[in-house]
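Participant: Residue 39 in my numbering sits at position 24 of the sequence shown, and the numbers go up by one each step. Glycine included, C-beta positions come from ideal geometry on N, C-alpha and C. These numbers were taken from a predicted model, which means no experiment stands behind them. Encoded as structure tokens, here's the structure I'll be asking about.
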Amino acid sequence: MHNGRSDARVKLPRCQVVSQFTWTWTGIEADTKLIITWLVGSRDGEHAIAFMDDLRDRLANRVQLTTDGHKAYLEAVEGAFGGDVDYAILHKI
Numbered sequence: 016m017h018n019g020r021s022d023a024r025v026k027l028p029r030c031q032v033v034s035q036f037t038w039t040w041t042g043i044e045a046d047t048k049l050i051i052t053w054l055v056g057s058r059d060g061e062h063a064i065a066f067m068d069d070l071r072d073r074l075a076n077r078v079q080l081t082t083d084g085h086k087a088y089l090e091a092v093e094g095a096f097g098g099d100v101d102y103a104i105l106h107k108i
């Protein structure tokens with residue numbers, strides 16, 4: 016049951032610091048602009064998977080999901096949602 020609150024803790028991957036850059040991953044609901052989930056970490060596959068797994072656990076129904084063209088999303092979305100998502104990649108020009 017999704018009641019807007021999660022009692023489970025997300026287990027984040029242990030990552031080596033190899034860069035001074037940090038990325039804020041955000042899951043935003045398109046109509047209300049409410050943030051469903053967020054994660055601060057590296058822009059890599061491990062964090063993409065942790066983020067998508069957490070996002071999936073917070074959603075009750077099939078959703079339309081749009082991401083940028085970052086390749087790490089491909090594996091993360093497939094692993095978290097399988098075929099139970101309408102997924103698109105937005106390429107800005």
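Considering only residues of the same chain and omitting the five flanking positions on each side of D3, which have a CB-CB separation below 8 Å?
Facilitator: Residue 3 is absent from the model: the chain starts at 16 and stops at 108.
Participant: Round the Cβ separation of L54 and D72 to the nearest angstrom and send it over; I've been treating them as touching at under 8 Å.
Facilitator: Wrong, their Cβ atoms sit about 13 Å apart, outside the cutoff.
Participant: Of all the options I104, I108 and I64, which has the alpha carbon lying nearest to the alpha carbon of Q90?
Facilitator: With the sequence shown as reference, residue 90 is identified as Glu, and Gln is not the correct amino acid for it. When only C-alpha atoms are compared, the closest one is I64.
Participant: How should T109 be labelled, buried or exposed, when 16 other C-beta atoms within 10 angstroms of its C-beta is the threshold for buried?
Facilitator: As shown, the chain starts at 16 and ends at 108. That puts residue 109 outside it, with no answer to give.
Participant: Which of helix, strand or coil does DSSP assign to A87?
Facilitator: Looking at A87 - three-state DSSP - the assignment turns out to be helix.
Participant: Of the choices F36, D46, I51 and L74, whose alpha-carbon is the least far from that of S57?
Facilitator: Residue F36 is the option with its Cα nearest to S57.
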